[in-house]
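One structure below.
Protein chains: 2
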Amino acid sequence: MSRNICIYQEFLTAAHKEQINRTAEKLGFTPHYFTLEQFDEARECLQSCEVLYAHAPKLMREAPKTLRWYCCSSAGVDPYCKDPTIFANPDCLLTNTNAYGVTIAEHVIMVTLMLLRRMPEYEEQVRNHGWGNQRPIRSIRNNTFTVLGTGNIGSNVAQRLRGMGAAKIIGLSRSGRPAADFDEVLPISRLDEILPETKNLIMALPGTAETVGLLSPERIALLPADAYVINVGRGTAIHQEALMDALNGGRLAGAALDVMDPEPLPADHPLWNTKNLILTPHVSGNMTLGYTCDRNVEMFCEDLENYAAGRPLKQLVDRTRGY
Amino acid sequence: MSRNICIYQEFLTAAHKEQINRTAEKLGFTPHYFTLEQFDEARECLQSCEVLYAHAPKLMREAPKTLRWYCCSSAGVDPYCKDPTIFANPDCLLTNTNAYGVTIAEHVIMVTLMLLRRMPEYEEQVRNHGWGNQRPIRSIRNNTFTVLGTGNIGSNVAQRLRGMGAAKIIGLSRSGRPAADFDEVLPISRLDEILPETKNLIMALPGTAETVGLLSPERIALLPADAYVINVGRGTAIHQEALMDALNGGRLAGAALDVMDPEPLPADHPLWNTKNLILTPHVSGNMTLGYTCDRNVEMFCEDLENYAAGRPLKQLVDRTRGY
Numbered sequence: 028m029s030r031n032i033c034i035y036q037e038f039l040t041a042a043h044k045e046q047i048n049r050t051a052e053k054l055g056f057t058p059h060y061f062t063l064e065q066f067d068e069a070r071e072c073l074q075s076c077e078v079l080y081a082h083a084p085k086l087m088r089e090a091p092k093t094l095r096w097y098c099c100s101s102a103g104v105d106p107y108c109k110d111p112t113i114f115a116n117p118d119c120l121l122t123n124t125n126a127y128g129v130t131i132a133e134h135v136i137m138v139t140l141m142l143l144r145r146m147p148e149y150e151e152q153v154r155n156h157g158w159g160n161q162r163p164i165r166s167i168r169n170n171t172f173t174v175l176g177t178g179n180i181g182s183n184v185a186q187r188l189r190g191m192g193a194a195k196i197i198g199l200s201r202s203g204r205p206a207a208d209f210d211e212v213l214p215i216s217r218l219d220e221i222l223p224e225t226k227n228l229i230m231a232l233p234g235t236a237e238t239v240g241l242l243s244p245e246r247i248a249l250l251p252a253d254a255y256v257i258n259v260g261r262g263t264a265i266h267q268e269a270l271m272d273a274l275n276g277g278r279l280a281g282a283a284l285d286v287m288d289p290e291p292l293p294a295d296h297p298l299w300n301t302k303n304l305i306l307t308p309h310v311s312g313n314m315t316l317g318y319t320c321d322r323n324v325e326m327f328c329e330d331l332e333n334y335a336a337g338r339p340l341k342q343l344v345d346r347t348r349g350y
Numbered sequence: 028m029s030r031n032i033c034i035y036q037e038f039l040t041a042a043h044k045e046q047i048n049r050t051a052e053k054l055g056f057t058p059h060y061f062t063l064e065q066f067d068e069a070r071e072c073l074q075s076c077e078v079l080y081a082h083a084p085k086l087m088r089e090a091p092k093t094l095r096w097y098c099c100s101s102a103g104v105d106p107y108c109k110d111p112t113i114f115a116n117p118d119c120l121l122t123n124t125n126a127y128g129v130t131i132a133e134h135v136i137m138v139t140l141m142l143l144r145r146m147p148e149y150e151e152q153v154r155n156h157g158w159g160n161q162r163p164i165r166s167i168r169n170n171t172f173t174v175l176g177t178g179n180i181g182s183n184v185a186q187r188l189r190g191m192g193a194a195k196i197i198g199l200s201r202s203g204r205p206a207a208d209f210d211e212v213l214p215i216s217r218l219d220e221i222l223p224e225t226k227n228l229i230m231a232l233p234g235t236a237e238t239v240g241l242l243s244p245e246r247i248a249l250l251p252a253d254a255y256v257i258n259v260g261r262g263t264a265i266h267q268e269a270l271m272d273a274l275n276g277g278r279l280a281g282a283a284l285d286v287m288d289p290e291p292l293p294a295d296h297p298l299w300n301t302k303n304l305i306l307t308p309h310v311s312g313n314m315t316l317g318y319t320c321d322r323n324v325e326m327f328c329e330d331l332e333n334y335a336a337g338r339p340l341k342q343l344v345d346r347t348r349g350y
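Taken in order, these protein sequences are the chains called W and S. The first sequence runs contiguously to residue 350 in our numbering. The second sequence runs contiguously to residue 350 in our numbering.
Dropping the structure here:
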């Protein structure tokens with residue numbers, strides 16, 4: 028029986044396909060490509076495949092027991108980890124693709140500067156053709172940052188904050204293990220101790236049982252009134268009502284959310300009109316940057332080599348842990 | 028006769044005044060402080076001063092022949108260089124204060140990312156409570172930049188582009204002398220040769236006879252249609268009508284102007300409604316960042332030491348050159 032790979036992706040260029048074909052052929056695999064519109068065709072093909080490269084919970088539900096590896100092209104795999112019934116084969120390997128650090132980190136630097144420099148207020152002034160009214164601003168240089176999550180995203184953020192002259196970058200992670208690019212990494216259990224001294228809180232956490240509601244009303248109250256909050260991980264990590272209250276009541280200086288709960292955000296949701304809030308519709312880490320797509324394909328090909336050789340997969344997800 | 032310094036500034040904190048007092052006393056000077064509202068008092072005091080620390084062409088016009096040093100707290104001194112009659116004493120020393128590189132560079136990084144990541148389009152979508160519509164974006168990482176001006180502002184910009192992973196940063200200056208932080212510095216006479224390969228043009232030039240109209244209609248036409256233009260120097264450096272035409276006609280991808288001509292921009296000026304243009308009301312380098320103010324006072328005190336000792340002033344401006 029030939030070894031088949033089902034590839035259900037929209038972003039692949041001719042060069043990406045060539046790269047996958049070269050790798051697959053060398054290793055004795057045959058890739059089959061489908062665009063997102065070709066769901067039925069992809070499902071049919073999937074029945075005789077041992078590998079799926081996609082980000083589509085609905086297609087994954089249709090996978091046969093013989094599927095041995097699901098390479099998810101997204102970094103967040105919470106939809107697959109929350110619901111084990113999605114895997115017909117309970118031993119199916121799951122990998123994620125941490126290819127989004129660069130683009131998400133650039134988003135974080137952009138919104139951090141927009142908050143520190145009060146850009147939304149200037150933008151409103153400019154929309155009204157107004158001059159004048161210079162406002163006190165702050166700088167990344169010599170400022171301090173608390174980054175929740177020291178993985179691919181958190182590290183890329185820390186590197187860029189460093190490149191902009193930040194004075195101190197503290198990381199928090201489950202393990203608290205030291206990580207390059209951070210001045211210090213603490214276990215997330217020490218969060219309550221860190222929040223009262225946090226001026227800039229950057230959240231880049233996966234969506235797991237442990238991160239849901241992490242920034243609770245009590246913890247939001249621990250932040251200084253001149254603090255900024257930025258979230259590019261999962262919307263569920265923040266108690267949204269408490270955040271909106273704090274922003275509208277002036278108990279926080281501002282926030283930037285690229286992720287929220289739910290997504291898409293309903294048109295009548297109060298988040299849209301919250302004060303001092305920069306909202307973006309979950310675009311910080313999408314496939315719109317060429318580099319992200321290239322890295323995605325590279326990581327798939329690298330783990331295809333590992334898979335074919337029977338080596339451990341580099342991007343393997345611990346499904347009970349959720350990342 | 029006591030040696031008097033007239034200080035006509037709004038931004039000074041108690042700590043700044045203490046720092047100036049300490050330096051002045053040590054060197055045998057007496058500082059006299061005035062806020063911007065105290066123009067008449069400042070003018071009267073100025074008549075018996077040999078040093079003025081201010082940024083006020085109107086007050087400078089009232090200076091006596093005995094004024095020996097005007098320390099301008101701004102970086103741009105074009106109002107003083109264009110009109111020599113402003114100096115009653117033709118030998119009066121003029122210094123400027125290049126303390127704005129950090130804050131202007133952070134502004135440049137912010138608007139560069141906003142252009143590359145198409146933030147104005149997302150902001151409009153969010154104002155309409157809209158989701159969806161992911162757009163192709165670009166990155167600072169691996170991108171190339173052309174920076175006009177390799178002084179304090181240009182260098183700070185280059186450092187930060189480097190810290191964000193830029194692939195190549197070319198500087199252009201009058202002399203073309205090599206400068207740290209740039210991969211290459213070319214004389215500005217080679218501008219026409221560089222523009223067709225420029226994806227991101229950052230302009231940080233002083234307002235001099237040589238820079239007026241530098242980015243002419245012909246040169247705007249040399250830029251690729253997917254190029255971005257950012258100006259934080261002087262508005263007069265760009266042929267504004269040609270820039271507006273190129274932006275409205277889609278012959279440039281976008282621009283961000285913090286400086287324009289005239290300032291303040293009249294409420295009915297067509298720049299306000301130009302397509303793909305981020306406008307800010309000359310705020311990139313104001314005194315709203317604590318660091319900028321601290322650096323300003325430091326630089327004044329440093330040159331006061333030089334002045335008292337009869338040494339050359341570090342920030343001395345060549346009034347014929349204009350910077």
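Backbone N, C-alpha and C define an ideal beta-carbon position, used for all residues, glycine too. Fair warning: this is a prediction, and the values are worked out from it, not measured in the lab.
- Below the 9 Å Cβ cutoff, chain W contributes I136, M137, L140, I167 and M191 as neighbours of I136 of chain S, in chain order.
- The C-beta distance from V104 of chain W to Y350 of chain W rounds to 7 Å, short enough to meet the 8 Å contact threshold.
- Under a 10 Å Cβ-count criterion, G276 of chain W is classified as exposed, with fewer than 16 other Cβ atoms of the shown protein chains found around its own Cβ.
- Taking every protein chain shown into account, the CB of A193 of chain S has 16 or more other CB atoms within 10 angstroms, so this residue is buried.
- Apart from sequence neighbours up to five positions away, the residues of its chain that approach L188 of chain W with a beta-carbon distance below 7 Å are I167, F172 and I196, ordered along the chain.
- Within the region 278-312 of chain W, the residues whose Cβ lies closer than 7 Å to any Cβ of chain S are, in chain order, P291, L292, A294, W299, L306, T307, P308 and V310.
- In terms of beta-carbon proximity, V129 of chain S lines the interface with chain W, with at least one pair separated by less than 8 Å.
- F327 of chain W carries a helical assignment under DSSP once its states are collapsed to helix, strand and coil.
- Counting along the chain, I131 of chain S sits inside the alpha helix (DSSP H) bounded by residues G128 to L143.
- As the crow flies, the alpha-carbon of M230 of chain W is around 43 Å from that of T62 of chain S.
- For P244 of chain S, the enclosing alpha helix (DSSP H) begins and ends at P244 to L249.
- As for any beta strand (DSSP E) of minimum length 3 sitting wholly inside the region 59-126 of chain S, the runs are 78-81, 96-99 and 120-122, ordered along the chain.
- Positions of the alpha helix (DSSP H) runs, each at least 4 residues long and wholly inside the region 147-224 of chain S, are given as 179-190 and 218-221 in order along the chain.
- Rounded to the nearest whole angstrom, the CA to CA distance from L298 of chain S to L304 of chain S is 8 Å.
- In terms of CA proximity to T238 of chain S, S:R348 leads the group S:R348, S:N155 and S:M271.
- In this structure, N125 of chain W sits near Q342 of chain W, with a CB-CB distance shorter than 8 Å.
- Around the beta carbon of R88 of chain W, fewer than 16 other beta carbons sit within 10 angstroms, so the residue counts as exposed.
- Residue contact with chain S for L316 of chain W: present (Cβ-Cβ distance below 8 Å to some residue of chain S).
- Cβ neighbours of R201 of chain S within its own chain (closer than 8 Å, five residues either side excluded): P214, I215 and E237.
- From the listed residues W:C328, W:T319, W:E332 and W:V324, the smallest Cα separation to N169 of chain S is found for W:T319.
- Between V259 of chain W and S311 of chain W, the gap from beta carbon to beta carbon is short of 8 Å.
- The Cβ atoms of M191 of chain W and M137 of chain S do not sit closer than 8 Å to each other.
- Classified as buried, G198 of chain W has 16 or more neighbouring CB atoms from the shown chains inside 10 Å of its CB.
- A42 of chain S is classed as exposed because its beta carbon has fewer than 16 other beta carbons within 10 Å across all chains shown.
- With its beta carbon less than 8 Å from one in chain W, I164 of chain S belongs to the interface.
- A282 of chain W is bridged by DSSP to W:V256 and W:L304.
- When Cβ-Cβ separations below 8 Å define contact, R187 of chain S makes contact with chain W.
- The count of Cβ pairs closer than 8 Å, one atom from the region 32-46 of chain S and one from the region 71-89 of chain S, reaches three, so the stretches are in contact.
- Put simply, the CB of M271 of chain W is far from chain S, with every gap to its CB atoms at 8 Å or more.
- Using beta-carbon distances, Q152 of chain S counts as an interface residue toward chain W, with a partner under 8 Å.
- For H156 of chain W, a Cβ of chain S is located within less than 8 Å of the residue's own Cβ.
- Listed in chain order, the non-local C-beta contacts of D210 of chain S below 7 Å within the same chain comprise K195, I196 and I197, local neighbours out to five positions each way being set aside.
- Any Cβ of chain S closer than 8 Å to the Cβ of Y107 of chain W would place that residue at the interface, and such an atom is absent.
- Within chain S, the residues V310, N313 and T315 have their CB atoms less than 7 Å from the CB of Q161 of chain W, given in chain order.
- Distances from the alpha-carbon of V153 of chain S to those of W:N323, W:R322, W:M326 and W:P293 put W:P293 closest.
- In the DSSP annotation of this structure, the continuous segment of the beta strand (DSSP E) that includes R30 of chain S starts and ends at R30 to Y35.
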